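Protein chains in written order, with my numbering: chain A, 1039 to 1484; chain B, 5 to 119.
Beneath this line is the structure, given in structure tokens, with notes to follow.
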């Protein structure tokens, strides 16, 4: 454990090079966001006096057109987004209370999401993030706080999961660290692209871009993983290294790197693009693992077990760094992070030990199923963005509500079906294991 | 019919009482030899109930402490700047004690990785 921690800490050191630039889903908040307390509301002039949290400086802000004086909650921490396109300076676009009141139902919701997300993480190396943030936002958590708190729960979860799977001999620390460092650079590139698109095409354009990338990546990669898993299931489940990976391993371009646990010797020039793409995707759709794990399997040539375990190391490094970024801006609601952790630390260890009982291809099945269903949840949102961009004629509100519903429930379905496959496969594996042990014991006694 | 250890011991006692020490020790020796010769019995791993309870109690008290001081904690943890160490440190701290609890809980429930 100590050794692992020391290695991981060293891995974090080079990341500080990127301290000044924003990171990943750990991008940090935008400059147009203010955090602080409203000390005075002037309903007649539609202005407020706002005390900034960091500098304690008092400023006067004007309410946006749609805002009501009643919405201005005094004496509690709020987040305010400024309207960049408004006529004057310091016009508010929206305001949200930073800390939600924790009711029993919200608490239970967080515990359930944490458990399922953890199980998925422990098993396929990533997962959960795509549903945690939207789920927290639907509980009333402001977007930035939801992203920050998810990030702060993700890295301890990944750390515990990575430790367990390293103990089972599945995680390749060296591969994980090499991938993590290149992924961090990939994140920078991903953010640059995002910003460019946002400036050129605005919010709807950016949303459309994200959804399109999401769809293409998830459908193609998910579809391929599914096809591969299906082939393996039919062929008795014996995994072979992909032809692409075999070809890549033959490229003798120094520096060559040897990864002991993954049992792979490959040129650094092959791992770099895989890491970069993982980071770029993490910056775009917040789930880098959906390309990182298949990349490690099909391009580098690691087994699904090793790839999914190694992904947890990448998630730890990126998550820890992201948490520091969000912590610097003081946006982590530690209550949310710790409630998610309460169950996800159990889930992640259960998922991790589950991998020791199942055939390799089951990991691929779970991964592919999740990816394909999540693709649906994003896909149904595309018409809405197309309408915003005037690329499609408007559709009825009923249809939009229906699409929103499909989007939400497909996420629930993705998590639910993944958890079900994991549990069924695990129980089957454990039963078979016990049976073979008792037969063995019978032979010994006989 | 299977001869139980009790039967064996009793017959050894009978021989010993009758003065047949050699036979008695042979019977008992057979017994011990068989015990020794047997492949090491599958060690019944003791389940970590005590550890589970200890770490569980630590974890629960930490949670209770946090949530009873909710207002103070959320206030201090979100001040920004160097105070990032609070949330990140807390996450590390909880992951150690609560992670240890979760690990022992799974073992106590009999859920172990395949060897």
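Every residue gets a Cβ at the ideal spot worked out from N, C-alpha and C, and that includes glycine.
Bear in mind that the values here come from a model prediction, so they are computed numbers and not experimental data.
Q. Is residue 1534/A near residue 1369/A, with beta carbons less than 8 Å apart?
A. Summary: the structure shown does not reach residue 1534/A, with chain A confined to residues 1039 through 1484, and so no result is reported for it.
Q: Throw me the rounded Cβ distance for the residue 1312/A and residue 1331/A pair, which I believe falls under 8 Å.
A: Not really, about 10 Å apart at Cβ, beyond 8 Å.
(Q) Counting only Cβ-Cβ distances shorter than 8 Å, please list the residues of the stretch 1160-1175 of chain A near chain B, keeping chain order. (A) none
Q: Evaluate contact between the stretch 1402-1414 of chain A and the stretch 1243-1258 of chain A, counting only Cβ atoms and requiring at least three cross-stretch pairs below 8 Å.
A: yes
Q) Bridge partners of residue 1025/A, per DSSP? A) Within the shown structure, residues of chain A are numbered from 1039 to 1484, placing residue 1025/A beyond reach of any answer.
Q | Per-residue burial, residue 1292/A [other beta carbons within 10 Å of its own, 16 or more giving buried] | A | exposed
Q. Looking at residue 1386/A and residue 1460/A, is the spacing between their C-beta atoms short of 8 Å?
A. no
Q. Is the stretch 1349-1364 of chain A touching the stretch 1124-1142 of chain A in the sense that three or more CB pairs, one from each, lie closer than 8 Å?
A. no
Q.
With a threshold of 8 Å on Cβ separation, who are the neighbours of residue 1310/A within its own chain once the five nearest residues in sequence on each side are excluded?
A. 1220
Q. Below 8 Å between beta carbons: does that hold for residue 1117/A and residue 1180/A?
A. yes
Q) residue 1088/A: which of 1274/A, 1112/A and 1243/A sits nearest, CA to CA? A) 1112/A
Q. Which residues in the same chain as residue 1195/A place their Cβ atom closer than 7 Å to its Cβ, once the five residues preceding and following it in sequence are excluded?
A. 1156, 1159, 1379, 1382, 1383 and 1386
Q) Helix or strand or just coil, what does DSSP make of residue 38/B? A) Confidence in residue 38/B is poor, its pLDDT being 47 and thus under 50, which makes the residue's placement unreliable; the coordinate value appears in the next sentence. Residue state, collapsed to three classes: helix.
Q | Residues of its chain near residue 38/B, where Cβ-Cβ distance is below 7 Å and the 5 sequence neighbours each way are ignored | A | Low confidence applies to residue 38/B: its pLDDT is 47, below 50, so where it sits in the model is not reliable enough to give any reading.
**Q.** Per-residue DSSP class, three states only, for residue 1127/A
**A.** coil
**Q.** For residue 1111/A, the three-state DSSP class (helix, strand or coil)
**A.** coil
Q: Identify the continuous alpha helix (DSSP H) that holds residue 1227/A and give its terminal residues.
A: 1211-1272
**Q.** Residues that residue 1348/A bridges to, as DSSP identifies them
**A.** In the DSSP output, where bridge partners are listed per residue, residue 1348/A has none listed.
Q.
For residue 172/B, report the span of its beta strand (DSSP E) as first-last.
A. As displayed, chain B neither begins before 5 nor continues past 119, which places residue 172/B out of reach and without an answer.
Q | Inter-residue spacing [alpha-carbon to alpha-carbon] between residue 1348/A and residue 1097/A | A | 48 Å
Q. Got a sec, what are the start and stop residues for the alpha helix (DSSP H) residue 1297/A sits in?
A. No alpha helix (DSSP H) contains residue 1297/A, which is instead part of the beta strand (DSSP E) from 1294-1297.
(Q) Please list, in chain order, the residues of the stretch 68-94 of chain B that have any C-beta partner in chain A closer than 9 Å. (A) 70, 71, 74, 75, 77, 78, 79, 81, 82, 83, 84, 85, 86, 87, 88, 89, 90, 91, 92 and 94
Q: Check whether the Cβ of residue 49/B lies closer than 8 Å to any Cβ atom in chain A.
A: no
Q) Could you give the distance in angstroms between the alpha-carbon of residue 1169/A and the alpha-carbon of residue 1144/A? A) 15 Å
Q. Residue 35/B to residue 12/B, Cα distance in whole Å?
A. At residue 35/B, the pLDDT of 49 sits below 50, so the modelled position is not reliable; the number obtained from the coordinates is stated separately. Using only the alpha carbons, I get a separation of about 8 Å.
Q) Do residue 1355/A and residue 1299/A come within 8 Å of each other at the CB atom, strictly closer than that value? A) no
Q) What residue range is occupied by the uninterrupted beta strand (DSSP E) comprising residue 1431/A? A) Taken as a continuous stretch (DSSP letters only), residue 1431/A belongs to no beta strand (DSSP E), as it is neither H nor E.
Q) Between residue 1228/A and residue 1320/A, is the Cβ-Cβ spacing less than 8 Å? A) yes
Q: Kindly list the residues whose CB is nearer than 6 Å to the CB of residue 1073/A, restricted to its own chain and excluding five residues on each side of it in sequence; keep chain order.
A: 1091 and 1117
**Q.** Cβ-based burial, residue 1217/A [other Cβ within 10 Å; buried from 16]
**A.** buried
Q. Based on the DSSP output, what are the partners of residue 1133/A in its beta bridges?
A. 1118/A
Q | Simplified DSSP assignment, three categories, for residue 1177/A | A | coil
Q: Check whether the Cβ atoms of residue 1187/A and residue 1375/A sit closer than 8 Å, and answer yes or no.
A: yes
Q: Starting from residue 1180/A, find everything on chain B with Cβ-Cβ shorter than 7 Å and list it in chain order.
A: Going along chain B, no residue has its Cβ under 7 Å from residue 1180/A, so there is no contact; the nearest lies around 12 Å.
Q.
Any beta carbon from chain C within less than 8 Å of residue 1094/A's own beta carbon?
A. The structure shown contains no chain C; its protein chains are A and B.
Q | Residues near residue 1200/A by beta carbon distance below 6 Å, same chain, minus five either side | A | 1209, 1350, 1351 and 1354
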